[in-house]
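**Q** The structure that follows is given in the form of structure tokens.
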Amino acid sequence: DLIYFSQDVKKIKQVKVAGFMKKHPVFASVPEEALLSLAEACSLDHIQEGSIIVNPSAYTEDVTIMVQGRAVLYGEPDGGWRNPVRILKAGSFLNMGALTGETRPRNLVLNDTEEVMVLSIPNEAFQEFLYDYPSVSLRLISQIEREKQDYMRLWVKAL
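First residue of the sequence shown: 157, per the working numbering; consecutive thereafter.
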């Protein structure tokens, strides 16, 4: 009975992860079977308020996407990690460098406001997925470009 229960819990998590991905604009056109397959390799984590989500001093190859909640992205000023760059919300990719093979994030992402849920996709599984679904790569590039333009507009307004 425990084996069946364990399999059921795993399947529920897999369906929950695939459901989130299906709602994300980057994954919207991908067949459900492919999302379920990718979801099998993923982990879904709850991060408590005040915790670090992405740490620049830690090595990671995972692609991390915020599923629920908000977090703050900090840049590295001369005096430490307290230069807020932007607010991240559900659907945001938290460590874009992992998409290009960087194993050490450049920015600190801190959960300052509330409990957050994040999805971690192993880089190798994600790269294979992108190879099988090149349209996802194009949507991902478009999203990164939009976020970059929004970020630059904010900086220009601040000047």
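Think of the CB as a built atom: it goes at the ideal place given N, C-alpha and C, for glycine as much as any other residue.
Quantities reported herein were computed from a predicted structural model and do not represent experimental measurements.
Tell me, which residues are paired with residue 221 by DSSP?
**A** Taking the sequence shown and counting its residues from 1, the one referred to as residue 221 is at position 65. For residue 221, which the question treats as bridged, DSSP gives the partners 249 and 275.
**Q** Around the Cβ of residue 225, are there at least 16 other Cβ atoms within 10 angstroms (buried) or fewer (exposed)?
**A** As a working mapping, residue 225 is identified with position 69 in the sequence shown. Flag for residue 225 reads buried.
**Q** Have a look at residue 285 and residue 240 and give me their C-alpha separation to the nearest angstrom.
**A** Taking the first residue of the sequence shown as 1, we reach residue 285 at position 129. Taking the first residue of the sequence shown as 1, we reach residue 240 at position 84. Cα-Cα distance, rounded: 32 Å.
**Q** With a threshold of 8 Å, are at least 3 pairs of Cβ atoms found where one atom belongs to the segment 208-224 and the other to the segment 268-278?
**A** yes
**Q** Quick one: residues in its chain with C-beta nearer than 6 Å to the C-beta of residue 172, no 5 flanking neighbours on either side, listed in chain order?
**A** Counting from 1 along the sequence shown, the entry for residue 172 is found at position 16. Taken in chain order, the list of residues that qualify is empty.
**Q** Verify whether the separation of the beta carbon atoms of residue 214 and residue 191 is less than 8 Å.
**A** The count along the sequence shown starts at 1 and reaches residue 214 at position 58. The count along the sequence shown starts at 1 and reaches residue 191 at position 35. In this structure, residue 214 lies away from residue 191, with their beta-carbon atoms at least 8 Å apart.
**Q** Flag this pair as yes or no: are the beta carbons of residue 182 and residue 295 separated by less than 8 Å?
**A** Walking along the sequence shown from the start, residue 182 turns up at place 26. Walking along the sequence shown from the start, residue 295 turns up at place 139. Yes. Within cutoff.
**Q** Check whether the Cβ atoms of residue 228 and residue 243 lie closer than 8 Å to each other.
**A** Taking the sequence shown and counting its residues from 1, the one referred to as residue 228 is at position 72. Taking the sequence shown and counting its residues from 1, the one referred to as residue 243 is at position 87. Going by C-beta atoms, residue 228 is nearer than 8 Å to residue 243.
**Q** What do you get for residue 202, buried or exposed, if any count of 16 or more other CB atoms within 10 angstroms of its CB means buried?
**A** Here the question's residue 202 lines up with position 46 in the sequence shown. Result: exposed.
**Q** On the premise that residue 204 lies in contact with residue 271, defined as a C-beta separation below 8 Å, what is that separation, rounded to the nearest angstrom?
**A** Numbered from 1 along the sequence shown, position 115 holds the residue referred to as residue 271. Numbered from 1 along the sequence shown, position 48 holds the residue referred to as residue 204. Yes, residue 271 and residue 204 are in contact; Cβ-Cβ is about 6 Å, under 8 Å.
**Q** Do the CB positions of residue 169 and residue 200 come within less than 8 Å of each other?
**A** Walking along the sequence shown from the start, residue 169 turns up at place 13. Walking along the sequence shown from the start, residue 200 turns up at place 44. Yes.
**Q** On the criterion of 16 or more Cβ atoms from any shown chain inside 10 Å, does residue 248 qualify as buried, or is it exposed?
**A** Taking the first residue of the sequence shown as position 1, residue 248 is located at position 92. Under this definition residue 248 is a buried residue.
**Q** My output table needs one value for residue 289: the three-state DSSP class, helix, strand or coil.
**A** As a working mapping, residue 289 is identified with position 133 in the sequence shown. Of the three classes helix, strand and coil, the one that applies to residue 289 here is coil, per DSSP.
**Q** Can you give me the Cβ contacts of residue 185 inside the same chain, cut-off strictly under 7 Å, excluding the 5 residues immediately before and after it?
**A** In the sequence shown, the residue the question calls residue 185 occupies position 29. These residues qualify, in order along the chain: 291.
**Q** Using beta-carbon positions only, say whether residue 189 and residue 178 come within less than 8 Å of one another.
**A** Numbered from its first residue, the sequence shown carries residue 189 at position 33. Numbered from its first residue, the sequence shown carries residue 178 at position 22. No.
**Q** Which residues share a DSSP beta bridge with residue 243?
**A** Working through the sequence shown from its first residue, we reach residue 243 at position 87. Beta-bridge pairing links residue 243 to 228.
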